[in-house]
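Peer 1:
There are 2 protein chains.
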Amino acid sequence: MIAQLRALLRPDQILTETVDLIPYGFDGTAMLKEKANAVVFPETTEEVAAIVKLAHKEKTPIVTRGSGTGLSGGSIPVKNGIVLCLVKMNRILEIDTKNLTLTAEAGTITQAIDDAAAAEGLIYPPDPGSMKISTIGGNVANNSGGLRGLKYGVTRNYVMGMEVVLPNGDIAWLGNKCVKDVAGYSLKDLFIGSEGTLGIVTKVLLRLLPRPEARKTILATFNDIEDAAQTVSDIIAAKIIPCTLEFLDQTTIRCVEDFAKIGLPTEAKALLLMESDGPASAVEEEAQKMQAIAQSNRALSLRVAANSEEAVQLATARRSAFSALARIRPTTILEDVTVPRSKLAATVRFIESVAQKHGLKIANFGHMGDGNLHPTFLTNERDGEEIERVEKAMHEIFEYTIAAGGTITGEHGVGLAKKGHLPDQFADASYPLLQSIKRSLDPEQLLNPGKLFDL
Amino acid sequence: MIAQLRALLRPDQILTETVDLIPYGFDGTAMLKEKANAVVFPETTEEVAAIVKLAHKEKTPIVTRGSGTGLSGGSIPVKNGIVLCLVKMNRILEIDTKNLTLTAEAGTITQAIDDAAAAEGLIYPPDPGSMKISTIGGNVANNSGGLRGLKYGVTRNYVMGMEVVLPNGDIAWLGNKCVKDVAGYSLKDLFIGSEGTLGIVTKVLLRLLPRPEARKTILATFNDIEDAAQTVSDIIAAKIIPCTLEFLDQTTIRCVEDFAKIGLPTEAKALLLMESDGPASAVEEEAQKMQAIAQSNRALSLRVAANSEEAVQLATARRSAFSALARIRPTTILEDVTVPRSKLAATVRFIESVAQKHGLKIANFGHMGDGNLHPTFLTNERDGEEIERVEKAMHEIFEYTIAAGGTITGEHGVGLAKKGHLPDQFADASYPLLQSIKRSLDPEQLLNPGKLFDL
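Residue numbers (this note's numbering), protein chains in the order written: chain A, 1 to 455; chain B, 456 to 910.
This is how it looks when you write it as C-alpha cells:
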C-alpha cells in the first residue's frame with residue numbers, strides 16, 4: 001500500500017516514520033491516540049481521489065484530518081489505516097461578491113475565510129473557538145458552532161455546496177450557488193456533520209453575509225449563576241436575539257484572569273459576555289436594553305467596550321477559556337452538552353452537584369444563549385481511580401441532559417469519545433437509520449470506520 | 456386491504472367510492488392525475504403507524520398528502536396504492552415561548568402556525584404563496600420557500616425536529632429543542648424535502664423568531680426588466696438583505712390588475728415588491744436606501760404603503776399572481792427554476808426568447824432576490840401540438856438553468872413533474888447516492904414510490 005502511495009505522491013507528501021506519525025496520532029481530545037501506517041498530504045482533489053481509489057482496492061481504512069483540533073476523537077487514526085491530511089489544500093478559490101459566496105479548499109483555516117470575507121465588507125459568521133487554527137473542512141465535518149451562533153446559527157447554515165470524494169474514489173458536487181434548491185434529497189445536509197464517515201470534503205462553497213455595520217461588546221459579572229441565567233432568559237423574552245451570550249463560571253473566570261490578565265473580578269460567580277451587532281442605531285438600542293436587563297438581575301459589574309480593541313480584549317475572556325483551564329491539571333476533558341435554553345440554569349446546577357458528589361473539579365463555560373455548555377473536567381488521566389469517577393460523573397451528566405430534551409454534543413461531534421452514548425441519544429427507531437445510511441454509502445467501511453457507531 | 460383498513464379506522468376516516476376518490480387524484484400540478492384505491496384520514500400518529508404497518512405487510516404503496524397544493528405532482532396517488540391524508544391531524548400542540556418553539560401536527564395549515572406565533576409576539580418566517588391552505592407537513596416534505604426567504608431562509612431553517620413514521624411503521628423522533636445538536640447524521644435534514652419518500656412526517660417542532668417591530672412595503676415599477684434586476688443587484692451590493700424582493704413581469708402585472716384591481720400601472724414592464732422589516736429605525740433607513748436605488752435605476756413609479764392594510768394590499772399584487780394567471784388559459788404550468796442571483800436578468804431574457812421562439816405565452820414572476828423564477832406557461836393541455844412546444848421550451852429552460860449553475864426546482868420539488876430532469880441536475884456521482892439512500896431506508900419502496908426517481 002505504501003509503495004503504491006509513493007507512486008501517486010511526491011516523497012514530501014507522505015510520512016511513514018514512527019516519529020513523524022506521532023503528532024497525527026491524536027487530536028484535541030484527551031486520552032485518545034492510535035498509530036496510522038502512513039499520513040498523506042494530497043494537494044488536489046484528483047490526488048485525494050487517487051488515494052481513495054487505491055485504499056478502496058486495498059481495503060485500507062482512511063481517516064481524514066485537518067488541523068487536528070477536534071474534541072471528540074473524530075480524527076484519531078484507525079489501526080492499519082492511513083491518515084489523509086488536507087492542510088495543504090488551503091486555497092481560497094473565489095469570492096463572488098454578486099452572489100455573496102466564497103469557495104475554498106477544505107484545508108483552509110476558518111479565520112482566513114472570515115478575513116477574506118471582511119476584505120470585501122462581508123462576514124463568514126460561524127466562529128468556532130478554534131477558528132484561528134481549525135480548517136473549514138473540519139468545521140463542515142463537525143457542523144461546528146461558535147460564539148455568534150445564537151443570532152447567526154452554525155456552519156450548516158452557511159454551507160451552500162461542497163465537493164466530496166466518495167468512498168469509491170468518485171468525485172461529486174453537492175449543492176450550488178442558488179439560495180434555494182429542492183432538487184432531490186439534500187445530500188450536502190447529510191454530509192455536513194457526518195465526521196468524515198460518508199465522504200471526504202475537498203472543497204466548500206460558503207454563503208457570506210454583509211458585515212454588520214456596528215458591534216457592541218458588554219461584559220457583565222454576577223454574584224450568582226442563577227442571575228446570569230435569568231439575564232439570558234430575560235433577554236430572549238424581551239425578543240432580543242443578540243449575536244453572542246457567552247458564560248463563564250467562577251473557576252473559569254479565575255483561570256482566565258490568571259492566564260490573560262484582563263482585569264476580571266475574580267470574586268464574581270458568573271460572567272456573561274454579551275455582543276450585539278447590526279445597524280448602528282439598532283445595536284445601541286439593543287445594547288442598552290441588555291445592560292438594563294443585566295442590572296435588573298443584580299449584575300455585580302458591567303463593562304462596555306469603548307472600541308474594537310477593548311471589545312477583542314473582553315472577548316478574549318471567553319475565547320481563552322479552554323487554554324486557560326488546560327493549564328490547571330494534566331488532563332482537560334472538555335464536554336459539550338446542550339439543553340433547551342429554558343433548562344440551562346438547572347443543568348448548570350446539576351453539573352455542580354455532580355462535581356461535588358464525585359469530588360471532582362469541573363469548570364463550566366459555554367454558549368449560554370444556545371443552551372450549549374462546556375463542563376470541563378480538570379483531572380489526571382494517570383489517576384485511574386479519579387478517571388473512573390470522571391466517567392461516572394460524565395455518564396450522569398449525559399443521562400440528565402438527554403432526559404432534559406438535550407443532546408450529548410452541541411458542536412464537538414460524536415467521534416470516538418461519545419459513540420458509547422449515541423444509542424441513548426437515539427433511543428428509538430432512528431438509531432438504525434444512522435447505520436443504514438453508513439452501510440449504503442460506505443459499504444466497505446473505508447472512511448473513518450468505527451467513529452460515531454459500530455456496524 | 457380495505458377491509459383491514461376498516462378494522463383500524465372509523466367509517467368516516469376512509470373513502471373508497473370513485474366519486475370520492477377523484478378530488479384526491481390530483482394536486483396543484485397541471486396534467487397529472489391517478490386514482491388511488493382508498494384515501495384514509497388518520498387522526499393520531501398511532502393510526503398512521505398502524506396503517507403503515509398494514510401497508511408494509513400487504514406491500515401496498517402509500518402516498519402522503521396534505522392539502523394537495525403541490526406543484527410538482529408529489530402527492531399524486533400511485534396506482535393500486537392508498538392516499539394517507541393528514542388534514543385531520545391539525546392541532547397546534549405547544550408554543551414554548553421560553554425556547555421560541557412551536558410543535559404542531561403535520562396537517563396544520565401554515566397560516567395557522569404563523570397566526571399562533573403572532574399571538575405571542577413571535578413569527579414563523581417561511582411564508583409559501585399557498586400558506587393559507589397548505590399544510591406544514593407538506594411544507595416540510597417540500598422544504599417550501601416563500602416571500603420572506605431572502606432574509607429569513609426556507610422551511611429547513613425553521614425545522615428543529617419532527618416525528619416520523621418509518622416505512623415499517625416504527626415511530627421515530629428526529630431532532631429536539633436544542634438550537635445546536637451534532638449527535639449523529641442530521642436525519643431531520645435528510646427527511647426535510649424528501650417529498651414523503653423516506654417517512655411520513657406526523658409532527659413538527661418549529662423554531663420561531665421575535666416578530667419584527669416594524670415593516671415597510673414598497674412597490675416599484677419599471678420600463679424595463681433589466682432595471683428591476685439591476686435594482687435587486689444594487690440592493691444586495693449595498694449590503695442590504697431586505698425581507699422581500701419579489702418580481703412580476705408585464706403579463707403578470709396585467710393579469711393581476713385585471714383580477715385584483717389594486718391600481719397597478721399596466722404599462723410597466725416590471726414590478727418589484729420590496730419589503731424591509733426589523734427594528735423601526737433600521738427599517739426606515741433600509742427602505743429609504745431601497746427607494747433611492749430603485750430611483751437611480753429609472754423606476755417608473757414608487758409607492759410606499761402608508762399602513763399595514765395598504766402593505767397587505769400591495770403584497771396582494773404578488774400573492775395573487777398564480778391565481779390571476781390561472782384564469783387566462785385552460786392550463787397553467789407553473790415552473791420553478793432558480794439561478795445564482797447574478798444570472799437572474801440573463802435568465803429572464805432567455806425565457807422571453809424561448810417563449811418567442813416557440814410561439815408560447817410564458818408569464819414570469821418570482822422571488823427575484825433569491826434568483827427563484829416562476830415562468831408560467833399559459834397553455835391548453837388539450838392542444839397536443841402546443842403542449843409539445845411547451846415541453847420543448849421547458850427542456851431548453853432547464854438546460855439553460857443547469858448550465859448557469861442553477862436548479863430545476865427552487866421550492867416546488869421534483870415529484871413526478873421533474874423526475875425526468877433530475878439526472879441532468881445530478882449529472883455526476885451524486886445521483887446514485889439519492890437512489891442508495893431510498894433503497895436503504897425504504898427497501899420495499901412503499902412510500903411515494905416512483906416520485907423523484909425510479910429505482
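Here a beta-carbon is modelled for each residue, glycine too, at the ideal position from N, C-alpha and C.
#1: Relative to the C-alpha of isoleucine 690 of chain B, which residue among B/Leu660, B/Ala596, B/Glu740 is closest?
#2: What did DSSP end up calling valine 232 of chain A once you bin it into helix, strand or coil?
#3: Are the segment 20-34 of chain A and the segment 69-82 of chain A touching by the rule of at least three beta carbon pairs closer than 8 Å?
#4: Quick one: what does DSSP say alanine 460 of chain A is sitting in, helix, strand or coil?
#5: Cβ atoms of cysteine 243 of chain A and serine 296 of chain A: under 9 Å apart, would you say?
#6: Go through its chain and collect everything with a Cβ distance to leucine 463 of chain B's Cβ below 6 Å, but skip five positions before and after it.
#7: Between the segment 890-901 of chain B and the segment 424-442 of chain A, are three or more C-beta pairs nearer than 8 Å?
#8: Here's the rule I'm using: 16 or more other beta-carbon atoms within 10 Å means buried, otherwise exposed. How should aspartate 227 of chain A be labelled?
#9: Which residues of chain B have a Cβ atom closer than 9 Å to the Cβ of proline 279 of chain A, listed in chain order?
#10: Any C-beta of chain A within less than 7 Å: which residues of the segment 868-891 of chain B qualify?
#11: Closer than 7 Å by C-beta to lysine 79 of chain A: which residues in its own chain qualify, once you throw out the five before and the five after it? Chain order, please.
#12: Taking C-beta pairs closer than 9 Å, name the residues in chain A that leucine 642 of chain B reaches, listed in chain order.
#13: Let me confirm a value: methionine 849 of chain B is counted as buried when at least 16 other C-beta atoms fall within 10 Å, else exposed. Which label applies?
#14: Could you list the residues in the segment 243-263 of chain A with a C-beta less than 8 Å from some C-beta on chain B, going in chain order?
#15: With 7 Å as the limit, tell me which residues of the segment 772-806 of chain B have their beta carbon closer than that to any beta carbon of chain A; keep them in chain order.
#16: List the residues of chain B whose Cβ lies closer than 7 Å to the Cβ of valine 201 of chain A, in chain order.
#17: At a Cβ cut of 7 Å, what residues of the segment 617-640 of chain B count as close to chain A, listed as they run along the chain?
#18: Starting from the Cα of lysine 451 of chain A, find the closest Cα among A/Pro23, A/Pro77, A/Leu15 and give me that residue.
#19: Out of B/Thr519, B/Gly733, B/Thr563, state which residue places its alpha-carbon closest to the alpha-carbon of leucine 902 of chain B.
#20: Which runs of the alpha helix (DSSP H) fall wholly inside the segment 294-341 of chain A and span at least 4 residues, in chain order?
#21: Opposite leucine 470 of chain B in the DSSP bridges: which residues?
#22: Taking a cut of 9 Å between CB atoms, which residues from the segment 854-868 of chain B lie near chain A?
#23: Looking at C-alpha atoms only, which residue of B/Leu555, B/Ile457, B/Glu841 is the closest neighbour of leucine 660 of chain B?
#24: For isoleucine 236 of chain A, which residues in chain B fall below 8 Å Cβ to Cβ?
#25: Starting from the beta carbon of glycine 66 of chain A, find every residue of chain B whose beta carbon is closer than 8 Å, and list them in chain order.
#26: In terms of residues, what are the limits of the alpha helix (DSSP H) holding aspartate 249 of chain A?
#27: With distance defined between alpha-carbon atoms, name the residue in B/Thr590, B/Val507, B/Lys553 nearest to leucine 541 of chain B.
#28: Please say whether asparagine 598 of chain B and glycine 648 of chain B have beta carbons closer to each other than 9 Å?
#29: Looking at the C-beta of proline 695 of chain B, does it have a partner C-beta in chain A at a distance below 9 Å?
#30: Could you check how far apart the C-beta atoms of alanine 268 of chain A and alanine 317 of chain A are, in whole angstroms? I think they sit under 8 Å.
#31: In three-state DSSP terms, what is phenylalanine 881 of chain B?
#32: List, from N- to C-terminal side, the beta strand (DSSP E) runs of 3 residues or more that fit wholly inside the segment 105-181 of chain A.
#33: Using the rule of at least 16 other Cβ atoms within 10 Å of the residue's Cβ for burial, across every protein chain shown, is phenylalanine 631 of chain B buried or exposed?
#34: Taking Cβ positions, are arginine 207 of chain A and asparagine 157 of chain A nearer each other than 9 Å?
#35: Against chain B, with Cβ distances strictly below 9 Å, would glycine 28 of chain A count as a contact?
#36: Determine which residues share a DSSP beta bridge with leucine 378 of chain A and list them.
Peer 2: Working from what's here:
#1: Nearest Cα to isoleucine 690 of chain B within the set B/Leu660, B/Ala596, B/Glu740: B/Glu740.
#2: Valine 232 of chain A sits in a helix when the DSSP states are folded into three classes.
#3: Touching, yes.
#4: Lying before the first or after the last residue shown, residue 460 of chain A is absent from chain A, which here runs from 1 to 455.
#5: Using a Cβ distance threshold of 9 Å, serine 296 of chain A and cysteine 243 of chain A do not count as a contacting pair.
#6: Hits under 6 Å: Ala505.
#7: Yes, the segment 890-901 of chain B touches the segment 424-442 of chain A.
#8: Buried.
#9: Proximity of chain B to proline 279 of chain A at the Cβ level (cut-off 9 Å) is accounted for by Gly733, Pro734, Ser736, Ala737, Glu740, Glu741, in chain order.
#10: Closer than 7 Å at the C-beta level to chain A, one finds these residues of the segment 868-891 of chain B: Gly868, Val869, Leu877, Gln880, Phe881, Asp883, Ala884, Ser885, Leu888, Leu889, Ser891.
#11: These residues qualify, in order along the chain: Glu34.
#12: Under the 9 Å cutoff, chain A gives Leu190, Phe426, Ser430, Leu433, Leu434, Ile437.
#13: Within a 10 Å sphere around the beta-carbon of methionine 849 of chain B sit 16 or more other beta-carbons, which makes this residue buried.
#14: Residues of the segment 243-263 of chain A that bring their beta carbon within less than 8 Å of a beta carbon in chain B are absent altogether.
#15: Correct list: Thr793, Val794, Pro795, Arg796, Ser797.
#16: Those do not exist, as valine 201 of chain A stays about 13 Å from chain B at its closest Cβ, beyond 7 Å.
#17: Correct list: Leu621, Asp625, Ile626, Ala627, Trp628, Leu629, Asn631, Lys632, Cys633, Val634, Lys635, Asp636, Val637, Ala638, Gly639, Tyr640.
#18: The residue from A/Pro23, A/Pro77, A/Leu15 with its alpha-carbon nearest to that of lysine 451 of chain A is A/Pro77.
#19: It is B/Thr519.
#20: Complete alpha helix (DSSP H) runs here, min 4: 308-319, 321-326.
#21: BP columns for leucine 470 of chain B point to B/Val494.
#22: Listed by position along the chain: Gly860, Gly861, Thr862, Ile863, Thr864, Gly865, Glu866, His867, Gly868.
#23: Closest by alpha carbon: B/Leu555.
#24: Within chain B, the residues near isoleucine 236 of chain A are Lys553, Leu555.
#25: For the C-beta of glycine 66 of chain A, not a single chain B residue is nearer than 8 Å; the gap to the nearest is close to 16 Å.
#26: In the DSSP assignment, aspartate 249 of chain A falls outside any alpha helix (DSSP H) and within the unbroken beta strand (DSSP E) covering 244-249.
#27: For leucine 541 of chain B, the nearest C-alpha among the options comes from B/Thr590.
#28: Contact check for glycine 648 of chain B against asparagine 598 of chain B passes: the beta carbons are separated by less than 9 Å.
#29: According to the sequence as given, residue 695 of chain B is isoleucine; it is not proline. Cβ-Cβ to chain A under 9 Å: yes for isoleucine 695 of chain B.
#30: About 11 Å separates the two Cβ atoms, so there is no contact after all.
#31: Residue state, collapsed to three classes: coil.
#32: Here the runs fully enclosed are 159-165, 171-175.
#33: Before going on, a small fix: residue 631 of chain B reads as asparagine here, not phenylalanine. Classification of asparagine 631 of chain B: buried, given that the 10 Å Cβ count is 16 or more.
#34: Yes, the Cβ-Cβ distance between arginine 207 of chain A and asparagine 157 of chain A is below 9 Å.
#35: No - not a single Cβ of chain B is within 9 Å of the one on glycine 28 of chain A.
#36: DSSP lists A/Thr332, A/Lys361 as the bridge partner or partners of leucine 378 of chain A.
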